[in-house]
Amino acid sequence: APPTYVQAPPTFVQAVSILPHSNLELEWSRKSAGCSKGQFTAHPSNCNQYLQCQWGAYQIYSCPPGLHWNAKNNICDWPSRSTCRVTSPSNPQGGSKPDNKPPSGSSKPVSLATTSTNRPEWEWKPDPTSTSNPQWEWKPETTPKPKPIPNKPSKPSGKHPLANGPFKVVCYFTNWAWYRTGPAKYLPEDIDTNLCTHVLYGFAVLDFENLIIKAHDSWADFDNKFYERVVAMKKKGVHVLLAIGGWNDSQGDKYSRLVNSAASRQRFIQHVVPFLLKYDFDGLDLDWEYPKCWQVNCDKGPASDKESFGLFVKELKTAFRSHDLLLSAAVSPSKAVIDEGYDVKTMAKYLDWISVMTYDYHGQWDKKTGHLAPMYYHPEDDFDYFNANYSINYWLGGGGPKHKLVMGMPLYGQSFTLAKREQHGLNAPAPGPGQAGESTRAAGFLAYYEICSRIKNGGWTVGQDEEQRMGPYAYNGDQWISFDDKDTIRRKSEWIREMGIGGGMIWALDLDDFRNTCGGGKHPLLTIIAKTLAKPGQGGMATPTPAITTTTTTPEPSEQTPLESSGAATTPIHPATPPDVAEPEKPTQPTSTTTEETEEVEGTTEDELEEETTTTSTTTSTTTKRPRPAKPGKPSKPKPKPKPKPTSTTTQKPKPEMEDHFKVVCYFTNWAWYRQGEGKYLPSDIDPELCTHIIYGFAVLDSDHLTIKPHDTWADFDNKFYEKVIAVKKKKSNIKVLIAIGGWNDSAGDKYSRLVNSAAARQRFVQHVLEFIQEHGFDGLDLDWEYPKCWQVNCQQGPDSDKESFAAFVRELHEAFQPHGLLLSAAVSPSRTVITAGYDVKALSKYLDWISVMAYDYHGQWDKVTGHVAPMYAHPDDDDVTFNTNFTMHYWMRQGADRRKLIVGMPMYGQSFSLASTEDNGLNAPTYGGGEAGEQTRARGFLAYYEICQRTLKQGWEVVRDEEGRIGPYARLRDQWVSFDDQAMIAYKSNYVKRNDFGGAMIWALDLDDFRNLCGCEEYPLLKTINRVLRNYPGVQPECRLSPAQDGDNAESAVTEFPERNNEVEGASEMSNEEDPECVNGVMAHPGDCNKYYSCWNNGQSQSRTQLNCPQGLHFDSVRNICEWPDKAVCWNSAKSRLQHQEDEQTSLAFQGTGPASYFVGKFPWSSLQQGIPVWFARI
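Letter 1157 of the sequence shown, counting from 1, is numbered 1157 in the UniProt record's numbering, and no numbers are missing.
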């Protein structure tokens, strides 16, 4: 639909008086006596303009570009609907200036109201009797007939050095850098076209009222012909697109109004096509920051932005195809924004490429230092997804094709002002932005040429991450800057090649050292990108050389600047020692660089892009290595220390205490003391060495007053259980004791919903609970409402408001607790349905100290078929593939939970069933109810671990294990069936916690483990297993059995994690000693068969290994320790890789796979190989 501003001119167009001088305006006024205020009439010679009577005289107004005046309806309208037949002038600004020259002759005046089909030339003469003004006449300005708008843009001509390669190099040109003075001024002629395949002109903007494209700066774009001068680069083989949007233009709601209106989208498209063709751009680049998350506030925009932006992209591309116009977009690297704002599959289908802005992860807004564009996750990061590796893989995982994804690289740095000069590392307090650069003049921001100049001439010190997970940073006094140097840009470019994605994008051309200020050649960073991506082929891994560990570099006088020598050009891109943290769920392609260094010269040519000149970079450095926690389950043995480099001095920090890294949260129940005999559990039975936090369960919610109250005053007060449990802190000072409120039974009904949905009730509860906690000496509160919106797992019972109100409740508790140093946690559901309906995950993650995910009770007697209480991974026979621990934990993270706040719940009990048929006794077997109650727990469908192990050891119950370790074991006898986690599965889950760097483990509950050693293993065998893995609990793992020993049994077979099968065990004997690594707890790859793997158990004295097979057609993925499709699996195959032990007991390993990580060469100690490279363990 056309604009609807009838009877009013567009407010964004300023009127231009017909007459240039005030005295002439007076005369014009006299002769316009018949002109009524507000009266419209068509312009006699320009369809794009019209006249309106104002202040007794006609004024000229211009329609928006691309529209004509419709004299019938008195509106600016589409040309096809206008009755105007006069050709518009070619003035790019859309308006014509009047001819101010006196007339050469006289002619008869013509009234403006006169209409003519042919609209003849007309003239107006003043009253000849007037003496106040000279005699003159006005004639319309004659303009050359404009060229017709072509149907397609001109094709780039000329041979381009990158034209035949698979990679794009997308370069943003900014039309404001020319306003800088001196050497920083950047003009279109400064563009080196050999370095870019596509130049994006930034920016055009969106007209606020009419929602159509318009020039951002007509002085640059038109008057100084920047459009024309940049588009001229097409003659050198470069594609030139026009970008619309940018950070500033994305303010407000105008882009949202555009995409959410079908009529506005149509109007935009009908206008933008001729706009692009008129100025000969090859296409349009969309840079709205961002759909739904307007300028990174995902609460601002409507949810409809996501779908509507997808429709906008689709409709644009549909219109562009017939004109051969390209369509691209610059998009966010943030997982949250991607989830909220982008229909990835639609964008991938209709966009020609997607530039992921993998920078600005950190900046002055963080109030602490951080790298603007990290490549990989760093252990000190607040969020695991704030790095380029994660972002690109997340886009890939969402459906973005590799060849369409282009990775952004910054040619600038984010700067900070330090709070304390002596604190100048990562995450150092920084209350404000860094000082503005002398050329860029923006606080918190420096161009690369400003950075390298400071390092070369200003005495700045350069710091490097020793494992090269990010680029360098530099500091001087209280000033701090993070940036990507030449080595970092080279590694990222190599990573692009190895991943096989679409190419690289830079922001921006004017920020590189384009004038060779620092002696590294013109456009040094962009040159590296272009040369790296111009190499023939798709890339290939070179053998890495030993890393030069460099943390800080102090400049010394040298021909080579400290900036260029500070990096370790010989270091592999992926850390030589894999960090004990999780990486993104999608496999990535680690890459390495060689000692190649490109000689930089002024300017570049096509031939130069194909040359590689090798030099060697050296540096004098001081290095302090960050300590690493020991791997779980690995017997300690001395290792020779690596010899230091001649130019480096390395100091090892003390090893951290593992007790402080992972939480072990233990629930104490105040009803277990009512059990008789060996099942009775008292506060005195708590072993404080096995828990970092004890949760006293439960207090309850008073239904009338909605305040906290004791659950059992006989236990809590009369028998002083509150006092006795809190007294455990005297045995171990750093243990914390919290009181839990809620639980399954207390969550029945609406009382928790009434509490959270009433602001007054919440305030009353907060005031009361604060007094309650302090009175009884607890360290905090644990919330166990099961569950918001989904009351006791029925999501039809609760109101939708529960979700938001529970988050508000958590926030208000947190704010009240903070001044008193009290902790706040919650036990939450593992169900995707409940998580989505009941939890504002981001709010909970922000305000809770930790989140205990109850990753159990996925199956039970309510299912009417057998199932495992706490599956680790999905099973092929599952009805719901989301019902497993792995999916649950990753779903919580996907919704915005901080992994370090997520605690994995583990059951110390089993869910039991009574079988409908004793012959059908596997998984999903029909049942008629819960299993028989245990002697101590006395609850049908439920058995404590100590009741289960006594049944398997003494009563003849058969133990069955899943061959692939996807679930823990189950045991059966006649019509009784129980599923549970044994010591092996608990050890595996604990290692899973450690590999993924979750916050720790939680158990339900202390009284359900074999705390009295009734089964002959040890007291608390399951809980101690958790502590041995996560906290280096002292002592040797005992040989625990679940089945009676038979004649001929030995210690190895007794502790096997999974049952042996003869044909599999025979396969294990084929391994030679050279290929037979030390067996540790968990799973490891088979060295000779991609379909096989081993389950291992090692207690320090003996070991056992069971060979297992993946399902037919799958390969064992040695990186993620799962069975996977062959094209996604990384297989360690002895036929393709050889293990060569080095003097430092590291192993040089090359393994061949057919998936995304198609070929990798790295160096890892055997402990890393056995544990599996710590990546995000995803089976979803």
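We treat Cβ as the ideally placed atom computed from N, Cα and C, and that holds for glycine.
Annotation for residue 326: no alpha helix (DSSP H) segment contains it, though the beta strand (DSSP E) segment containing it runs 326-331. Between residue 934 and residue 914, the gap from beta carbon to beta carbon reaches 8 Å or more. Out of 372, 980 and 348, the CA that lies nearest to the CA of residue 871 is found in 980. Put simply, of 151, 445, 355 and 465 the residue whose alpha carbon is nearest the alpha carbon of residue 504 is 355.
Under a 10 Å Cβ-count criterion, residue 868 is classified as buried, with 16 or more other Cβ atoms of the shown protein chains found around its own Cβ.
When DSSP states are grouped into helix, strand and coil, residue 693 belongs to the strand group. Counting every other CB atom within 10 Å of its CB across the protein chains shown gives residue 999 a total of 16 or more, marking it as buried. Under the DSSP assignment, residue 923 falls outside any alpha helix (DSSP H); it carries neither an H nor an E label. Within the model, the alpha-carbon separation for residue 531 versus residue 165 is close to 11 Å.
Non-local beta-carbon contacts of residue 1019 in its own chain, meaning distances under 8 Å to residues more than five positions away in sequence, involve 687, 1010, 1011, 1012 and 1013 in chain order. In the three-state reduction of the DSSP assignment, residue 41 falls in the strand class, which pools E and B. Rounded to whole angstroms, the gap between the alpha carbons of residue 436 and residue 417 is 11 Å. Residue 832 and residue 303 have their C-alpha atoms spaced approximately 20 Å apart. Around the Cβ of residue 787, a 10 Å sphere holds 16 or more other Cβ atoms; the residue is buried. Look at residue 667 here: in three-state DSSP terms it is strand.
Here residue 972 is bridged, per DSSP, to 958 and 977.
Look at the beta carbons and you see the stretch 858-866 not touching the stretch 812-827: under three pairs across the two are nearer than 8 Å. Burial state of residue 1044 is exposed, judged by a 10 Å Cβ sphere holding fewer than 16 other Cβ atoms.
Judged by DSSP in its simplified three-state form, residue 793 adopts coil rather than helix or strand. At least 8 Å separates the beta-carbon of residue 701 from that of residue 726. Within the same chain, 708 and 781 come within 7 Å of residue 769 by CB-CB distance, once the 5 residues on both sides are set aside.
Around the beta carbon of residue 182, fewer than 16 other beta carbons lie within 10 angstroms, which makes this residue exposed. Short of 7 Å from the beta carbon of residue 685, and not among the five residues preceding or following it, lie these beta carbons of its own chain, in chain order: 1011. DSSP places residue 376 outside any alpha helix (DSSP H), giving it a letter other than H or E.
The C-alpha of residue 500 lies about 12 Å from the C-alpha of residue 396.
Note on residue 429: under 16 other CB atoms within 10 angstroms of its CB, so exposed under the neighbour-count rule.
Taking C-beta separations shorter than 8 Å and ignoring five residues to either side along the sequence, the partners of residue 348 in its chain run 354, 399, 400, 401 and 404, following chain order.
Here residue 744 is exposed: its Cβ has fewer than 16 other Cβ atoms, across all protein chains shown, within 10 Å. Inter-residue distance for residue 441 and residue 179 is about 11 Å (C-alpha atoms, whole angstroms). Leaving aside the five residues that flank residue 1002 on each side, the residues in its chain whose CB is nearer than 6 Å to its CB run, in chain order, 665, 852, 903 and 905.
Between the stretch 369-389 and the stretch 449-464, the count of C-beta pairs closer than 8 Å stays below three; the two stretches do not touch. In the structure shown, residue 174 adopts extended strand secondary structure according to DSSP, grouped into three states. Contact between residue 798 and residue 829 does not hold, since the beta-carbon distance rounds to 13 Å and is not under 8 Å. Apart from sequence neighbours up to five positions away, the residues of its chain that approach residue 229 with a beta-carbon distance below 6 Å are 188, ordered along the chain.
A distance below 8 Å separates the beta carbons of residue 287 and residue 246. Contact check for residue 313 and residue 168: beta-carbon distance about 19 Å, past the 8 Å limit, so the pair fails to qualify.
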